[in-house]
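In my numbering, the protein residues as written are 533 to 690.
Ideal Cβ positions, reconstructed from N, Cα and C, are used throughout, including at glycine.
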Ligand code: SF4
């Protein structure tokens, strides 16, 4: 597909569609989103599962920066037990990006506050802070527009 043209495909954090892929084995099903996206080519991805992290899994957070810093090797992703999961997060983000590009999607709706999918806020260095997660930062670098679920719903309801 030529650059700048949308085929209607849209990337979505899989947990928002009801897949129980969160670290705690639960989902974040958001029925209003499923309703609004009916008929669209929805590409549901969970970058953490694509990176080989099982479900359930220990929660992770970024240390020393945000998702873009992880992409630039300036920050790391650690699980609650101190294990370095940076490589798995990077591998999963790239695998999910490949799916996004293959679909032709030019926009994504992602789950806020996740160290992968968070768009404007994530848990980092022990507290909620500003910044994208690893997957959101990677999509942005490939010119795929990212919104969190709250902003996307507000925009689409107008
Ligand atoms: S990585 Fe993204 S899709 Fe997977 S559970 Fe976390 S927020 Fe949802």
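| Item | Value |
| --- | --- |
| Any non-hydrogen atom of the ligand SF4 closer than 6 Å to residue 683 Cβ | no |
| Residues bridged to residue 680 (per DSSP) | 642 |
| Continuous alpha helix (DSSP H) stretch holding residue 666: start and end | 666–673 |
| Distance, residue 597 Cα to residue 657 Cα | 8 Å |
| Residue nearest to residue 629 in terms of C-alpha spacing, selected from 678, 653, 560, 565 | 678 |
| Contact test: residue 580 Cβ vs the ligand SF4 heavy atom, cutoff 6 Å | yes |
| Residue 601, buried or exposed, once every other Cβ within 10 Å from all chains shown has been counted against 16 | buried |
| Residue span of the beta strand (DSSP E) that contains residue 661, given as start and end | 659–662 |
| Cα-Cα separation, residue 551 to residue 569 | 16 Å |
| Spatially closest choice to residue 686 from 674, 612, 676, 564, by CA coordinates | 564 |
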